[in-house]
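Protein chains in written order, with my numbering: chain A, 64 to 140; chain B, 1426 to 1652.
Glycine residues also receive a C-beta, built at the ideal position from the N, C-alpha and C atoms.
It should be emphasised that the depicted structure is a prediction, and the values quoted were computed from it without experimental measurement.
To start, the structure under review is shown below, and the notes come after it.
Next up, the structure:
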């Protein structure tokens, strides 16, 4: 079963890369871009047919490795 | 005194650390990350570098490697653990130390000498050290220490901040903060002060002619405290 995971920085945590991207976009003429936050995206192929079980595994995986919950949040989709 | 330096794929300060430890009298062994047992040691060092290519987050993969459970057990039983640079990042990823090392505020790799002020010398690492401002070298992209406000308060309340970035005369201010670290934090301890993680590299400051000798002071003092 395929599970998608998105890991983002918590709000309030400094994102210097996002800031640099935003400034570049502004410089390129996209002046309407007010803020950019950069995140990570993962495709997990989990050997489970039951969606609940697969999502449960994904949650454990996020907590134990994919996200550092001091500064990051994760979303399973 | 016996020490062990753990080598991960991508570590690159492991041999410098080996040279430094031996120079000041440690009998050092190199331990591969895929081993599961540590040799008998009085000190375990997680060296600097780019373990596992800094994939995912700096130190995150090394923090789950085979040898790490033995390091955690050693640390939890009171053994002395030192993590320098990537080693500090690994220690935060294992949960042995609080917080996280984020990308430098100016998104640049920083490679230069800095001064650090020792904040707590009631521990094996800094007890009896005869200088409170030391010149060390830093070389990192992710050295910007961050933790939650509650964690910062508990670090301060338990005197767990090991060292602050400062000026050559010991002033802790924004100007001497190279990477944006919260409160100029360069290194921290765990609650029991047997685990030290810091971004600066004492092992690069052990030669009178090449670098200055503040790293020599650190290692001479450390082995004296362990005897």
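For residue 1453 of chain B against residue 1443 of chain B, the beta-carbon gap comes to about 5 Å, under 8 Å, which counts as contact. Within chain A, 133 have C-beta atoms less than 8 Å from the C-beta of residue 1572 of chain B, given in sequence order.
Nearest neighbour of residue 1559 of chain B by Cα position, chosen from B:1642, B:1447, B:1649, B:1475, turns out to be B:1642. The C-beta of residue 1539 of chain B has 16 or more other C-beta atoms within 10 Å across all chains shown, which makes the residue buried. The Cβ-Cβ distance between residue 1528 of chain B and residue 1569 of chain B falls below 8 Å. For residue 1560 of chain B, the enclosing beta strand (DSSP E) covers residues 1558 to 1565. Residue state for residue 125 of chain A is assigned as helix, using DSSP reduced to three classes. 79, 80, 83: these are the residues of the stretch 78 to 89 of chain A whose beta carbon lies less than 7 Å from some beta carbon of chain B, given in chain order. Taking CB atoms only, residue 128 of chain A has a neighbour in chain B less than 8 Å away.
Among the bridge pairs identified by DSSP, residue 1541 of chain B is matched with B:1559, B:1590. A distance below 7 Å between beta-carbons, with the five flanking residues on each side excluded, links residue 1548 of chain B to the following residues of its chain, in chain order: 1614, 1618. Burial is judged here by how many other beta carbons sit within 10 angstroms of a residue's own beta carbon; residue 1639 of chain B has at least 16 and is buried. The beta carbon of residue 109 of chain A sits closer than 7 Å to the beta carbons of 64, 66, 117, 120, 121 from its chain, once the five residues preceding and following it are set aside; these are given in chain order. In this chain, residue 76 of chain A is not harboured by any alpha helix (DSSP H), its DSSP state being neither H nor E.
Under the 8 Å criterion on CB atoms, residue 1514 of chain B is classed as non-interfacial with respect to chain A. DSSP places residue 135 of chain A in the uninterrupted beta strand (DSSP E) bounded by 135 to 139. Any Cβ of chain A closer than 8 Å to the Cβ of residue 1435 of chain B would place that residue at the interface, and such an atom is absent. For residue 1554 of chain B, DSSP assigns no beta-bridge partner whatsoever.
Here DSSP, grouped into helix, strand and coil, assigns residue 85 of chain A to helix.
Listed along chain A, the residues sitting closer than 7 Å to residue 1525 of chain B by beta-carbon distance are 131, 133, 134. The C-beta of residue 1528 of chain B comes closer than 8 Å to at least one C-beta of chain A.
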